[in-house]
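Presented below is the structure to which this report refers.
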Amino acid sequence: MLYDDPAASQNADSTTGASSTHLTDFYRWYASIEHEEGVYLAHTEHYDATSLINLSGAYSTVPTQPFWYFTASPSYLQSQGFPVEQSLIDRAEQGEAVYLIPSTMSRSERNRMRGYLTESALQHKAWTSGISTPFMRQGVVTVHTYQPQTPLFTWTDNTELTNETTTPVIRLTTAANMTPFEAESLNATGLTSSYVKLTDRAAGTYLTAGYCARYGMGEYPPVFKPTGDFIAGLRKSAIQLLQLFGGLALLMGVFQFIAVIVLCRIYATTRREAIGVKRLLGHPLWRIFGATFLMVVIVSAVTILACIMLGSAAGIVAAGIMLIVQLVTLSWQSRRLATSLLRTLITAE
């Protein structure tokens with residue numbers, strides 16, 4: 001289950017949307033249950049080329065290759081079959097910022113990543129916050145490598161990104177080693193933004209008004225919803241989008257069908273005698289209506305080329321289907337018109 005309805009909306013600051021008291025209460029609530037069964041922390045972010053350019057303006061050392069960044073608790077990683085050394089978990093529990101980077105990175109990229117992660121953690125540590133963690137007081141950062149082997153879900157709704165990755169950069173996160181940014185982000189909501197994940201059993205135990213009251217949230221306990229509810233919303237949006245574009249595609253198909261018929265009729269009207277004679281002499285349709293066929297092919301080829309340049313696989317498929325439909329329509333209409341003109345020519349003679 002994912003966090004959906006922040007209780008901060010009931011106790012909100014007019015400018016930040018969530019009071020510092022609520023952020024502290026939520027952090028204390030999570031810290032009290034982080035080691036319990038069915039309680040996980042997982043948040044992902046993908047850094048692409050544009051993101052890295054933006055980072056270069058804020059940090060002295062920045063990675064050069066796009067990467068996935070995971071903020072994950074030991075319990076979450078272990079639930080996914082990702083092996084984590086107990087010694088690293090112990091260090092994270094003591095307030096040390098522990099990062100894991102894949103051993104498949106080049107040595108130079110690992111050095112850049114190590115520099116960036118260290119600088120980023122220490123910058124975030126310096127932020128002013130009502131929450132205090134051992135890391136904020138100690139500021140110890142270590143980076144370790146791991147052998148990629150376990151695919152991890154990326155928690156993304158971006159269809160252009162992969163749903164799994166085996167080589168993320170991971171911050172082994174506990175309540176003790178959080179930066180102010182992470183501690184105050186715990187109440188983020190939704191499929192792609194949320195941090196705290198609960199099983200149904202954990203939700204039934206730790207979301208009760210009685211338990212939440214221990215941390216100042218008894219009146220407005222946090223609201224978690226099944227992951228399926230978020231996916232259903234995305235599915236509904238996707239279906240609506242497909243229906244919209246499906247309707248537009250159908251409309252364009254009808255328009256092109258009519259356009260081909262009109263084009264064929266105009267060509268037949270302006271060259272009716274020549275068409276009748278050529279048909280009488282047994283010329284094939286593609287030679288009689290060559291200009292019309294050529295125009296359809298050229299326009300479709302330009303459309304397909306544009307889709308290739310834009311990297312739109314769906315556009316390429318749609319343009320290819322439209323080309324086939326237009327050629328079939330053109331063949332049917334040209335045969336019909338040529339036969340009609342031939343009959344007219346024979347009757348006139």
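So the sequence shown is residues 1 to 349, counted in UniProt numbering.
Yeah, the Cβ is synthetic: ideal placement off N, Cα and C, and Gly gets one too.
Predicted model, so just to flag it, every value in this text is computed and none were measured.
Residue state for Tyr116 is assigned as helix, using DSSP reduced to three classes. Looking at Asp25, Thr21, His22, Ile33, the one whose alpha-carbon comes closest to that of Ala202 is Ile33. Residues of the same chain with a CB within less than 6 Å of the CB of Thr118, apart from the 5 flanking positions on each side, are Val141 in chain order.
In this structure, His46 keeps its C-beta atom at 8 Å or more from the C-beta atom of Tyr195. When C-alpha distances from Phe67 are compared across Ser132, Arg112, Gln94, the shortest belongs to Arg112.
Per the coordinates, the alpha-carbon of Arg137 lies some 10 Å from the alpha-carbon of Ala126. Note on geometry: alpha-carbon atoms of Asn54 and Ser73 lie some 27 Å from one another. For secondary structure counted as the beta strand (DSSP E) over 3 or more consecutive residues, the segment 64 to 108 holds these complete runs in sequence order: 67 to 72, 97 to 102. Between Thr71 and Arg171 the beta-carbon gap is near 5 Å, inside 8 Å, which marks them as a contact.
Thr179 and Ala92 do not touch by the CB rule: their CB atoms are close to 13 Å apart, not below 8 Å. Taking a 10 Å sphere around the C-beta of Arg114, we find 16 or more other C-beta atoms and assign the residue as buried. DSSP lists Tyr69 as the bridge partner or partners of Val169. The residues Pro148, Thr167, in chain order, have a CB closer than 6 Å to that of Pro102 in the same chain once the five nearest residues on each side in sequence are set aside. One thing to note: Phe135 has its Cβ no nearer than 8 Å to the Cβ of Ala188. Taking all protein chains shown into account, Gln65 has fewer than 16 neighbouring C-beta atoms within 10 Å of its C-beta and is therefore exposed. Per DSSP, the unbroken beta strand (DSSP E) holding Glu45 starts and ends at 39 to 47. In the three-state reduction of the DSSP assignment, Thr303 falls in the helix class. When DSSP reads this structure, Tyr146 sits in a beta bridge with Pro102. Residue environment: Phe153 is assigned as exposed (fewer than 16 neighbouring CB atoms within 10 Å of its CB, all protein chains considered). Judged by DSSP secondary structure, Leu198 falls within the beta strand (DSSP E) whose first and last residues are 196 to 198. For Glu164, the three-state secondary structure derived from DSSP is strand.
Just measuring C-alpha positions, the residue of Ala314, Leu186, Leu198, Leu327 sitting nearest Val299 is Leu327.
Out of Thr292, Leu323, Ser312, the CA that lies nearest to the CA of Ala301 is found in Leu323. Residues of the same chain with a CB within less than 6 Å of the CB of Leu77, apart from the 5 flanking positions on each side, are Val84 in chain order. The three-state reading of DSSP puts Leu207 in coil, since its state is none of H, G, I, E or B. Thr133 and Ala183 do touch by the CB rule: their CB atoms are close to 6 Å apart, below 8 Å.
In this model, Ala306 and Trp155 are separated by some 32 Å (Cα to Cα).
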